[in-house]
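Everything on this sheet refers to the single structure shown next.
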Amino acid sequence: MKKILQDFGFAEIENLIISFGEKKFRAKQLYEGLTKGKKISEINVPAELRNRLLEEYEDEPVKIEKTFVSSDGTEKFLFALADGNLIEGVLMKYRYGYTQCVSTQVGCRMGCKFCASTLGGLIRNLTSGEILSQILTVNALHGGAGAKRAVTNVVLMGSGEPLDNYENVVKFLKNVSSADGINVSPRNISLSTCGLVPGIYRLADEGLPVNLTVSLHQTTDEGRARTMPVAKKYKISEILKACSYYFEKTGRRYIFEYSLIAGENCDEKHASELVELLKGRPCHVNLIRLNEVEERDLKAAADKQAYRFSSFLEKGGLSSTVRRSMGSDIGGACGQLRAGYLKNKD
Ligand code: SAH
164 MKKILQDFGF AEIENLIISF GEKKFRAKQL YEGLTKGKKI SEINVPAELR
214 NRLLEEYEDE PVKIEKTFVS SDGTEKFLFA LADGNLIEGV LMKYRYGYTQ
264 CVSTQVGCRM GCKFCASTLG GLIRNLTSGE ILSQILTVNA LHGGAGAKRA
314 VTNVVLMGSG EPLDNYENVV KFLKNVSSAD GINVSPRNIS LSTCGLVPGI
364 YRLADEGLPV NLTVSLHQTT DEGRARTMPV AKKYKISEIL KACSYYFEKT
414 GRRYIFEYSL IAGENCDEKH ASELVELLKG RPCHVNLIRL NEVEERDLKA
464 AADKQAYRFS SFLEKGGLSS TVRRSMGSDI GGACGQLRAG YLKNKD
């Protein structure tokens, strides 16, 4: 595979251009073109420079292979990477604009029992430019031109565990929020983790106040370990301590994801345990009914149960929302699209 120019921030592009013996303003042209989601071959710089770049750098590191549109307007993309690997992303339309969900790895090695992304293990990490290019491409597709964005919000909730690809993810966060680039404010970015505690501490110290989301899904370490192997490594109490540190450092309240699985985590008992665990904390609980994955035998809780669970939490003083499950008719859950596509190809 060639190198990826979208890995570079503006200063690095400038250094590259200078090392080529080119005039500095070419760096600006190039960077603006990339920020608009253009391929190198489409950017208006002298042919000689373009060709030199194309010898070393991928013209289109992330290509839309297929688009699926849900009846609720949610779009799901299957992206092809330059080495042929596939990743997926989702674009959700809200009143204020578009929220794009990006992948951070091809596959995942966390092994959560309800998740389709991890079925084939981890294939490889994405580079920062491959994460960024998912947004540049989709933003351009929807008429956004660089910082004049169609994509207003970003969530790192596609395939992969962001804190298991720490350096590339942080570089991506810096580049995507850079004022001279596509300039998505860290406040409009949410990073979701299954609870890699050291990564939460590191992120808190980066000075990037993104929203921290932790996938909790259970109220006890034993219960959590049934569906999330990572629970054997990090205790809920350690996660909560790391969240407090994150709040101290960034002033951002944090969010817990709690997917409701029938017979597993959504009885009244679980609601009161969750209240005990989280009350008084500057946090919010997002409840989402499990998106059933064909390969797994876990079942979603009924709608009614989700609202009952939410009202228990509210009574206990926790703020919570039952999230609309968007795009479930097109394989909305993590990794379902890629898994389905790979299966049908065989
Ligand atoms: N690895 C990160 C981010 C990716 S998953 C993490 O674990 O947070 C984004 C969210 O979707 C997580 O909360 C994850 O637990 C949840 N999720 C994965 N598969 C799901 C499914 N089939 N139904 C409902 N939620 C699911």
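The numbers in our numbering rise by one with no breaks, and the one at position 82 of the sequence shown is 245.
Ideal Cβ positions, reconstructed from N, Cα and C, are used throughout, including at glycine.
Just so you know, these numbers come straight off a predicted model, no measurement behind them.
Inter-segment contact for the segment 309–326 and the segment 164–178 is absent: fewer than three beta-carbon pairs are separated by less than 8 Å. The alpha-carbon separation between Asp343 and Gly414 amounts to approximately 25 Å. Contact between Glu324 and Leu359 is confirmed by a C-beta separation of about 7 Å, below the 8 Å threshold. Counting the other Cβ atoms within 10 Å of the Cβ of Asn328 gives 16 or more, which makes it buried.
In the three-state reduction of the DSSP assignment, Leu453 falls in the coil class. Distance from the CA of Lys396 to the CA of Ser482, rounded to the nearest whole angstrom, comes to 28 Å. Under DSSP, Lys239 takes part in a beta bridge, and its partners are Phe231 and Val253. Judged by DSSP secondary structure, Arg350 falls outside any beta strand (DSSP E); it is assigned neither H nor E.
Residue state for Cys264 is assigned as strand, using DSSP reduced to three classes. Judged by the Cβ position, Pro392 fails to qualify as a neighbour of ligand 1 at the 8 Å threshold, every heavy atom of the ligand being at least this far.
With respect to the 9 Å criterion, Arg387 and Val373 are not classified as neighbours on the basis of their beta carbons. In this structure, Ile402 sits away from Val438, with a CB-CB distance that is not shorter than 9 Å. For Val208, the CB contacts under 7 Å within the same chain, skipping 5 residues up- and downstream, are Arg189, Gln192 and Leu193 in chain order.
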